[in-house]
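Student: Handing you this structure, nothing more for now.
Number of protein chains: 4
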Amino acid sequence: MTEQEQVQRTLRRDAAENLTRILDAARASFDEEGLDVGMDVIAARAGVGVGTIYRRFPSKEDLIQAVLEEIIETVRDSQRRALLMESATEGFTTFLHEMGQLQFDHVGCLSRLWNIADDQVRDELYQQGCALLERAQREGAVRRDLVYEDVTVLLWSLRSIIERTALVAPDAWRRHLELMEQSFVPGGEMLRNAPLSHEASEMVSKNAPI
Amino acid sequence: MTEQEQVQRTLRRDAAENLTRILDAARASFDEEGLDVGMDVIAARAGVGVGTIYRRFPSKEDLIQAVLEEIIETVRDSQRRALLMESATEGFTTFLHEMGQLQFDHVGCLSRLWNIADDQVRDELYQQGCALLERAQREGAVRRDLVYEDVTVLLWSLRSIIERTALVAPDAWRRHLELMEQSFVPGGEMLRNAPLSHEASEMVSKNAPI
Amino acid sequence: MTEQEQVQRTLRRDAAENLTRILDAARASFDEEGLDVGMDVIAARAGVGVGTIYRRFPSKEDLIQAVLEEIIETVRDSQRRALLMESATEGFTTFLHEMGQLQFDHVGCLSRLWNIADDQVRDELYQQGCALLERAQREGAVRRDLVYEDVTVLLWSLRSIIERTALVAPDAWRRHLELMEQSFVPGGEMLRNAPLSHEASEMVSKNAPI
Amino acid sequence: MTEQEQVQRTLRRDAAENLTRILDAARASFDEEGLDVGMDVIAARAGVGVGTIYRRFPSKEDLIQAVLEEIIETVRDSQRRALLMESATEGFTTFLHEMGQLQFDHVGCLSRLWNIADDQVRDELYQQGCALLERAQREGAVRRDLVYEDVTVLLWSLRSIIERTALVAPDAWRRHLELMEQSFVPGGEMLRNAPLSHEASEMVSKNAPI
DNA sequence: CATGAATGAGAATTCATTCAT
DNA sequence: TATGAATGAATTCTCATTCAT
Chain A
44 MTEQEQVQRT
54 LRRDAAENLT
64 RILDAARASF
74 DEEGLDVGMD
84 VIAARAGVGV
94 GTIYRRFPSK
104 EDLIQAVLEE
114 IIETVRDSQR
124 RALLMESATE
134 GFTTFLHEMG
144 QLQFDHVGCL
154 SRLWNIADDQ
164 VRDELYQQGC
174 ALLERAQREG
184 AVRRDLVYED
194 VTVLLWSLRS
204 IIERTALVAP
214 DAWRRHLELM
224 EQSFVPGGEM
234 LRNAPLSHEA
244 SEMVSKNAPI
Chain B
44 MTEQEQVQRT
54 LRRDAAENLT
64 RILDAARASF
74 DEEGLDVGMD
84 VIAARAGVGV
94 GTIYRRFPSK
104 EDLIQAVLEE
114 IIETVRDSQR
124 RALLMESATE
134 GFTTFLHEMG
144 QLQFDHVGCL
154 SRLWNIADDQ
164 VRDELYQQGC
174 ALLERAQREG
184 AVRRDLVYED
194 VTVLLWSLRS
204 IIERTALVAP
214 DAWRRHLELM
224 EQSFVPGGEM
234 LRNAPLSHEA
244 SEMVSKNAPI
Chain C
44 MTEQEQVQRT
54 LRRDAAENLT
64 RILDAARASF
74 DEEGLDVGMD
84 VIAARAGVGV
94 GTIYRRFPSK
104 EDLIQAVLEE
114 IIETVRDSQR
124 RALLMESATE
134 GFTTFLHEMG
144 QLQFDHVGCL
154 SRLWNIADDQ
164 VRDELYQQGC
174 ALLERAQREG
184 AVRRDLVYED
194 VTVLLWSLRS
204 IIERTALVAP
214 DAWRRHLELM
224 EQSFVPGGEM
234 LRNAPLSHEA
244 SEMVSKNAPI
Chain D
44 MTEQEQVQRT
54 LRRDAAENLT
64 RILDAARASF
74 DEEGLDVGMD
84 VIAARAGVGV
94 GTIYRRFPSK
104 EDLIQAVLEE
114 IIETVRDSQR
124 RALLMESATE
134 GFTTFLHEMG
144 QLQFDHVGCL
154 SRLWNIADDQ
164 VRDELYQQGC
174 ALLERAQREG
184 AVRRDLVYED
194 VTVLLWSLRS
204 IIERTALVAP
214 DAWRRHLELM
224 EQSFVPGGEM
234 LRNAPLSHEA
244 SEMVSKNAPI
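Protein chains in written order, with the working numbering: chain A, 44 to 253; chain B, 44 to 253; chain C, 44 to 253; chain D, 44 to 253.
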């Protein structure tokens, strides 16, 4: 480190601020470069030493979890807001779009985004998701043979579209979602394939394959 | 390795045979363990030394490309067969399902499967894909506001579903595809979002982001 | 830490008290976990910040020395008490046993216990040790071809026994010492090997190889 | 690495030779600098890259074990040779001295030398050790109230003497051993302290405290 | 004067690629 | 030509020490 850099970098910044800086740097790094980014890169971006990160997060895995949890928290917010909307249909639709946008905003994190270790969080997401879906179904906007797992799978499916197109066609996922939404309207009942079981969905979300 | 084994193994194995063995081992390894599998693992599975792999493929990247090209070749086969089917609708549907199954069979490769560097191959896939789509549209099975890029995006979207569910719910992608197919039937025209442009699609397929 | 706790804790704790707390915590930590224990662990145990330790002890090494000196002080006490005993034989024996017990009580410190940097301290230990030995020899309890260095080496030898057995057989060293004591009684004169020279002993105690 | 060094270092030396070089370098490094020596140091001493070491030994621990096993193998040799000596007394004595010398030769390894994970090896050492002791007892050279655990403890006790004196008084342990031998001769029966139990001894040797 | 957050060199380990045999 | 041993840069994590607050 040159003397200049040394001067630029203020030693002993406020601790709370540093935690924020680390999480921000981590989130940005993960978003942009993926979860494989080196701890030194994150530290440099946060303007701290690697040791500082390890003081707050015992391992890289913990840092990743913290970032993912922050993101998942915004998912819950999105659900809550959607549930408060007067129109159930609009609430459901808004939620789907926000989930697309959120995945777009965190492309680098998608490989782990939907792996939610915390039982309680996972359960709340599920309960609120079911509520959103049922409200929309009761309003007649969504066919009755769909279960929340279908929504989950839809959200998962956006990942690979977004990962591929984020850089060159940031809106590509919107059209796919629009098509999916059309398949959600009542009228096409009688699906030959059974939905993903809740148990399987749970296993997937817990275990984090890939 | 004893001298005897050395003799048994090496003695004038045909070069062509070696190439096959390497590609088979690589494909199997990639399918099962992902592209991150070590070169030594592949070599062991092929029953050759790593050096032999590097003789045929200057880098791991080249080996990956070769495997992906083989898989992509089966995609072209699938298209050709679909085009030969009497019913355009059935041909189109069959192609989609075969693409789902193919991705399932090569889970470990999905992160790179649709990155096709070869211009000619990419073009043929595109032309044949368009033909499949148009035939189905002409038969009235698919709405006219769809372009082949929509199909491409649909295929991409299966990746993340398959990656997550392959181990616990191998059929999960089928239901998602079934829903997508319903959104493909005429009647829902007037999409607000424009399709992925052909140029963007090309860039994505060439560059291989992730 | 809340502001309140901050106030409760810090408010004018006496400097001397702090020093005691640090030394106590360090001794306990070293005894139980070995000299490799982290400075933060010691600080936490003492209820102070690491910085406070570094204010009193410029380096971890200095803290270790301070703790060792305290322990060595108890060695001197033991010698003094032994010298005051009526029976020279009993004094000598008691000293040996107390040294075994002391090493047992400070297992974690043994790798450095007998490294005594302070010339004066080392000299006093030597003088008093010689006195103890000679008194016992004059009383006929110890053979005359032994020098104090033999006793020193005996004490050193207990270290590795204690380190190995402390957890599973806390009395193992006693039997070894008992055997050594038997070899100390007159009758076995005519040792082929010369004793450790005083100079060598001094070097060892000063330099602290391991 | 300068060009010169590059030239000096012959790439691709014979594999078997390299294994020897690595073990030799490791043994020498451990002996001289202790088990904490860095893998890079060992690699440099062996004239190979670190990766080469890791090819043979999956972890540093494995390398350490390999070195220790080699040393322990010489212990077994020493026992076997001692058992073949005509005079049981001389055999026993020779063994003790060779053990002292061996520990002296491997000072840096002493912290782990007597931790023997392999049940079979540990058992053979014990059986042969017992045989050596009993033969000497039958010949009247060693008192009958001693068990092999006493010998084990004696060998352990040499460690700390040797660690401290190796550099300045390489023969210091010999005098201690000579004294111990005198305490071994018949005549001093009636020890107040029980010997280390075989079970405790086993636990110590397996678990490796310190 | 006390605090404890921040530092960063150092240690073990991995793996694509090279090249002597 | 085939082999697989050797390479070493890169990565994660630790801990004695410093210094802003």
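Glycine residues also receive a C-beta, built at the ideal position from the N, C-alpha and C atoms.
1) Against chain B, with Cβ distances strictly below 9 Å, would ASN61 of chain A count as a contact?
2) Do the region 83 to 103 of chain B and the region 111 to 129 of chain B touch if we need at least three Cβ pairs shorter than 8 Å?
3) From GLY183 of chain A to ARG70 of chain B, what distance separates their C-alpha atoms?
4) Would you give the residue range spanned by the alpha helix (DSSP H) that ILE158 of chain C belongs to?
5) If you draw a straight line from the alpha carbon of THR132 of chain C to that of ILE107 of chain D, how long is it in whole angstroms?
6) Taking SER203 of chain A as the query, report the chain B residues whose CB atoms sit under 7 Å from its CB, ordered along the chain.
7) Is any beta-carbon of chain B found at less than 9 Å from that of ALA212 of chain A?
8) Candidates D:SER248, D:PRO213 and D:LEU189: which alpha carbon is nearest PHE227 of chain D's?
9) Do you know offhand how far ALA243 of chain C's Cα is from VAL211 of chain D's?
10) Pull out every residue of the region 222 to 238 of chain B whose Cβ sits closer than 9 Å to any Cβ of chain A, in chain order.
11) Expressed to the nearest angstrom, what Euclidean distance is found between the alpha-carbon atoms of ILE205 of chain D and LEU239 of chain C?
12) Using a beta-carbon distance below 9 Å, is ALA215 of chain A in contact with chain B?
13) How about LEU198 of chain B and ARG155 of chain B: are their beta carbons less than 9 Å apart?
14) Between which two residues does the alpha helix (DSSP H) carrying HIS219 of chain D extend?
15) What's the C-alpha gap between ASP105 of chain B and VAL80 of chain D?
16) Would you mind telling me which residues of chain A sit closer than 9 Å to ASP166 of chain B, beta carbon to beta carbon, in chain order?
17) Note down, in chain order, each residue of its chain lying with its Cβ closer than 6 Å to the Cβ of THR45 of chain D, except the 5 sequence neighbours on either side.
18) Leaving out the 5 sequence neighbours to the left and right, which residues in its chain are closer than 8 Å to ARG88 of chain A when beta-carbon positions are compared?
19) Can you have a look at MET142 of chain A and say buried or exposed, based on whether 16 or more other CB atoms are within 10 angstroms of its CB?
20) For GLU82 of chain D, which three-state DSSP category applies?
21) Would you report the Cα separation of SER200 of chain A and LEU145 of chain B, rounded to the nearest angstrom?
22) Which residues of chain D have a Cβ atom closer than 8 Å to the Cβ of VAL118 of chain C, listed in chain order?
23) Buried or exposed: where does LYS249 of chain A fall if 16 or more other Cβ atoms within 10 Å of its Cβ makes it buried?
24) Hey, would you say the C-beta of HIS241 of chain C is under 8 Å away from at least one heavy atom of the ligand MN?
25) Taking only runs of the alpha helix (DSSP H) that begin and end inside the region 143 to 202 of chain C, which ones reach a length of at least 4 residues, in chain order?
26) When you compare the CB of HIS219 of chain D with every CB in chain C, is at least one pair closer than 9 Å?
27) For PHE135 of chain D and THR117 of chain D, I'd like the C-alpha separation in whole angstroms.
28) Compare the C-alpha of ARG202 of chain A against each of A:LEU62, A:ALA59 and A:GLY151 and name the closest.
29) Identify which residue in C:GLU245, C:GLU232, C:ARG217 and C:ARG235 has its Cα closest to the Cα of LEU234 of chain D.
30) Does the CB of ALA243 of chain B have a neighbour CB from chain A at under 9 Å?
31) Closest Cβ-Cβ distance between GLU113 of chain C and chain D: below 9 Å?
32) Could you give the first and the last residue of the continuous alpha helix (DSSP H) run that contains ALA68 of chain C?
33) Label ASP83 of chain A either buried or exposed according to how many other C-beta atoms from any shown protein chain fall within 10 Å of its C-beta, with 16 as the threshold for buried.
34) Please list, in chain order, all residues of the same chain as GLN85 of chain A whose beta carbon is under 8 Å from its beta carbon, the five residues on each side excluded.
35) Between the beta-carbon of MET223 of chain C and the beta-carbon of MET223 of chain D, is there less than 9 Å?
36) Return the first residue and the last residue of the alpha helix (DSSP H) that GLU112 of chain D is part of.
Tutor: According to the structure data:
1) Not an interface residue.
2) no
3) 47 Å
4) Looking at the sequence itself, residue 158 of chain C is Asn, so the reference to Ile does not match. Unbroken run through ASN158 of chain C: none, as it is neither H nor E.
5) 46 Å
6) At a C-beta separation below 7 Å, SER203 of chain A has these neighbours in chain B: TRP199, SER200, ARG202 and SER203.
7) yes
8) D:LEU189
9) ALA243 of chain C and VAL211 of chain D: Cα-Cα distance of roughly 6 Å.
10) LEU222, MET223, GLU224, GLN225, SER226, PHE227, VAL228, GLY230, GLY231, LEU234, ARG235, ASN236, ALA237 and PRO238
11) 12 Å
12) yes
13) Not in contact: LEU198 of chain B and ARG155 of chain B (Cβ atoms no closer than 9 Å).
14) 215 to 227
15) 40 Å
16) Correct list: empty, because the minimum Cβ distance to chain A is about 18 Å.
17) Confidence is the limiting factor: at THR45 of chain D the pLDDT is only 42, short of 50, which leaves the residue's position unreliable, though a coordinate-based value still follows. Nothing meets the Cβ criterion.
18) ALA68, ALA71 and SER72
19) buried
20) Position check: residue 82 of chain D holds Met in this sequence, whereas Glu was assumed. Of the three classes helix, strand and coil, the one that applies to MET82 of chain D here is helix, per DSSP.
21) Each residue's Cα considered, the two are about 17 Å apart.
22) Within 8 Å Cβ-Cβ: nothing; VAL118 of chain C doesn't reach chain D, min ~16 Å.
23) Exposed.
24) Summarising the ligand content, the structure contains no ligands, and the ligand MN is consequently not present.
25) Listed in chain order, the complete alpha helix (DSSP H) runs (minimum 4 residues) inside the region 143 to 202 of chain C are 153 to 156 and 162 to 181.
26) yes
27) 16 Å
28) A:GLY151
29) C:ARG217
30) yes
31) No, GLU113 of chain C does not count as interfacial toward chain D.
32) 58 to 76
33) By the neighbour-count rule (16 or more Cβ atoms within 10 Å), ASP83 of chain A is not buried but exposed.
34) Here residue 85 of chain A turns out to be Ile, not Gln, going by the sequence shown. So the qualifying residues of the chain are ILE65, ALA68, ALA69, SER72, ILE96 and LEU106.
35) yes
36) 103 to 127
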